[in-house]
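J.:
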Amino acid sequence: SRSSTIEEQIDGLNKELRELHFSINQKIASFVKKEASEQDWDTILKDLKQNNRSLRDQIDNEKQELYKLGVSETDYLSEDIGIKYSQQEYEKTQSELEHTQGEIENEEDKIQKLKYRICEKTKDDPTIIWEKLIENLRQKRQEVQNELREVTASIVAGFSVHKVISKLREEEDVKIQQGLQSEVVLSPLKDITQRYNRLALDNDRLIVSDQYDNFGIRDLSTGAIEQVMLALRIGFTSKLLREDALFLILDDAFQHSDWQKREILINKLADIAKKGWQIIYLTMDHHIKGLFDKVGKKFEAGKYNSFEL
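The C-terminal position of the sequence shown is numbered 309 in full-length UniProt numbering, with every residue numbered one higher than the one before it.
1) Could you tell me whether the Cβ of aspartate 293 comes closer than 7 Å to any Cβ of chain C?
2) Can you grab the Cα-Cα spacing for the pair asparagine 214 / aspartate 202, in whole Å?
3) Based on the DSSP output, what are the partners of phenylalanine 215 in its beta bridges?
4) Just confirm the distance between the C-beta atoms of leucine 199 and valine 185, as a whole number of angstroms; I'd bet it's less than 8 Å.
5) Using DSSP with H/G/I as helix, E/B as strand and the rest coil, what is tyrosine 304?
6) So for tyrosine 116, helix, strand or coil by DSSP?
7) Pick helix, strand or coil for leucine 133, following the three-state DSSP scheme.
8) Drop a sphere of 10 angstroms on the beta-carbon of tryptophan 277, count the other beta-carbons inside from all chains shown, and report buried for 16 or more, exposed for fewer.
9) Would you list the one or two residues that DSSP bridges to arginine 198?
10) Quick check on DSSP: helix, strand or coil for isoleucine 104?
11) If you draw a straight line from the C-alpha of glutamine 211 to the C-alpha of arginine 195, how long is it?
12) Pull the bridge partners of threonine 250 from the DSSP assignment, please.
13) Looking at the secondary structure, which residues open and close the alpha helix (DSSP H) in which aspartate 271 lies?
14) Could you check if leucine 291 is buried or exposed, using at least 16 other CB atoms within 10 Å of its CB as the buried criterion?
15) Could you tell me whether any non-hydrogen atom of the ligand NAD is closer than 6 Å to the CB of glutamate 96?
16) Could you check what DSSP says for histidine 286 in three-state terms: helix, strand or coil?
17) Arginine 262: buried (16+ other C-beta within 10 angstroms of its C-beta) or exposed?
18) Hey, could you find the ends of the alpha helix (DSSP H) threonine 74 is sitting in?
19) So, with DSSP's three-state summary, where would you put histidine 99?
20) Within 8 Å, do at least three Cβ pairs link the region 214-223 to the region 251-262?
21) Reducing DSSP to helix, strand and coil, say where glycine 82 ends up.
22) Output needed for asparagine 197: all residues of its chain with C-beta closer than 6 Å, excluding positions within five of it in sequence on either side, in chain order.
23) Where does aspartate 191 fall in DSSP's three states?
24) Using three-state DSSP, classify isoleucine 128 as helix, strand or coil.
25) Please state if the CB of lysine 113 and the CB of lysine 140 are separated by a distance shorter than 7 Å.
26) What do you reckon, are the CB atoms on leucine 248 and isoleucine 192 nearer than 7 Å?
27) So, under 8 Å CB-CB, lysine 115 and leucine 97 are touching, yes? Tell me the CB distance rounded to an integer number of Å.
28) Taking just the CA atoms, how far does asparagine 52 sit from aspartate 40?
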């Protein structure tokens, strides 16, 4: 009948319910390690879920720590080797390793720079292998040694020539000193500079003097140097060639002299021109040209000529 069928279904469901209750109770007991009543199941389940979350968080943290170590999972040790991990020891070892790597890189850089320097001497390509480069360096060294022997021989051979030249230079210096003190040189110096009256040679330094002090020619103004050099040119030319009438070519030699000295210098040139000297003066300065034109009027026709280019 229908009622008996329903009772059988109820009995089956009750049986399944008892089995399910037993199974749940067994599983909970396996987690908490003790028997638990049905009314404690909710509390126990909440605690288990909380423990599960805590374990997952702990696992994630451990994974992050492992990642920081920079160790591949394939390198993990399957068994404890009995050495406890120390972050301090790890950082110390890592620091020493980085220092060593830095030293290696520094030495490799020095070696590479040395290779470039050798290649500059041997004219080799920097990609050449070291063995071949060293062989080329030996050849270059031999070439340099041969050149050194030749230069040494030349120096030894030239020593006698140097002694002769030094002697001739000493004799020439004496002649120059005598020339600097001669009246034929000092006279144009006094006339042109209107100040300096003595000349001397101190090793390679030309000394110019007035009645109060001595001056190195390099310490003079540009204009004063030009005046002294003009006086020397006139004086030594007259002394060495022993001619009454010579010639001068001047390229704006008075451009750095002040206007008063310009007039003195040009008048001096006019004086020696009247003695038969031929003088050519090139200038871009209108003031200097005007001074020449002024003194040129005192010459006979055809004795003074001015040209503009």
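We treat Cβ as the ideally placed atom computed from N, Cα and C, and that holds for glycine.
T.: According to the structure data:
1) Chain labels in this structure do not include chain C; a single protein chain is all it has.
2) Working through the sequence shown from its first residue, we reach residue 214 at position 214. Working through the sequence shown from its first residue, we reach residue 202 at position 202. Looking at the two C-alpha atoms, the distance is approximately 11 Å.
3) One-based indexing of the sequence shown puts residue 215 at position 215. Answer by DSSP bridge pairing, in chain order: Val208.
4) Mapped onto the sequence shown, residue 199 falls at position 199. Mapped onto the sequence shown, residue 185 falls at position 185. Indeed, because the Cβ distance is near 7 Å, the residues count as touching under 8 Å.
5) The residue you call residue 304 lines up with position 304 of the sequence shown. Tyrosine 304: coil per DSSP, three-state reduction.
6) Along the sequence shown, one-based indexing puts residue 116 at 116. Helix at tyrosine 116.
7) To locate residue 133, count along the sequence shown from 1; it is residue 133. If DSSP states are grouped into helix, strand and coil, leucine 133 belongs with the helices.
8) Position 277 of the sequence shown holds residue 277. Buried: at least 16 other Cβ atoms inside 10 Å.
9) Translated into positions along the sequence shown, residue 198 becomes position 198. Arginine 198 pairs with Ser209.
10) Reading the sequence shown from its first residue, position 104 is the one you call residue 104. In this structure, isoleucine 104 counts as helix in the three-state DSSP scheme.
11) Position 211 of the sequence shown, counted from the first residue, corresponds to residue 211. Position 195 of the sequence shown, counted from the first residue, corresponds to residue 195. Rounded to whole angstroms, glutamine 211 to arginine 195 spans 8 Å at the Cα level.
12) One-based indexing of the sequence shown puts residue 250 at position 250. Here residue 250 is leucine; the residue named in the question, threonine, does not match the sequence. DSSP, once it has assigned bridges, lists Tyr281 as partnering leucine 250.
13) In the sequence shown, counting from the first residue as 1, residue 271 sits at position 271. Looking at the DSSP string, the run of the alpha helix (DSSP H) that includes aspartate 271 is 259-274.
14) Sequence index remark: in the sequence shown, residue 291 carries index 291 (1-based). Label assigned to leucine 291: buried.
15) What this structure holds is no ligand at all, so the ligand NAD is not there to describe.
16) Position 286 of the sequence shown, counting from 1, holds the residue named residue 286. Looking at histidine 286 - three-state DSSP - the assignment turns out to be helix.
17) Counted from its first residue, the sequence shown places residue 262 at position 262. Buried.
18) Locating residue 74 in the sequence shown gives position 74, counting from the first residue. Counting along the chain, threonine 74 falls outside any alpha helix (DSSP H), and DSSP gives it neither H nor E.
19) Locating residue 99 in the sequence shown gives position 99, counting from the first residue. Here histidine 99 sits in helix by DSSP.
20) yes
21) Taking the sequence shown and counting its residues from 1, the one referred to as residue 82 is at position 82. Looking at glycine 82 - three-state DSSP - the assignment turns out to be coil, as it is neither helix nor strand.
22) What you label residue 197 is simply residue 197 of the sequence shown in a count that begins at 1. Counting only Cβ-Cβ distances below 6 Å, and skipping sequence neighbours, we find Lys190.
23) Translated into positions along the sequence shown, residue 191 becomes position 191. Note: aspartate 191 maps to helix in three-state DSSP.
24) One-based indexing of the sequence shown puts residue 128 at position 128. Residue state, collapsed to three classes: coil.
25) Taking the sequence shown and counting its residues from 1, the one referred to as residue 140 is at position 140. Taking the sequence shown and counting its residues from 1, the one referred to as residue 113 is at position 113. No; because the gap between Cβ atoms is not below 7 Å, this pair is not in contact.
26) The residue given as residue 248 occupies position 248 in the sequence shown. The residue given as residue 192 occupies position 192 in the sequence shown. Cβ distance not < 7 Å, so leucine 248 and isoleucine 192 don't count as in contact.
27) Taking the first residue of the sequence shown as position 1, residue 115 is located at position 115. Taking the first residue of the sequence shown as position 1, residue 97 is located at position 97. Going by Cβ atoms, the distance from lysine 115 to leucine 97 rounds to 27 Å, so no, they are not a contact pair.
28) Counting from one through the sequence shown, the residue named residue 40 turns up at place 40. Counting from one through the sequence shown, the residue named residue 52 turns up at place 52. Taking the straight line joining both Cα atoms gives about 18 Å.
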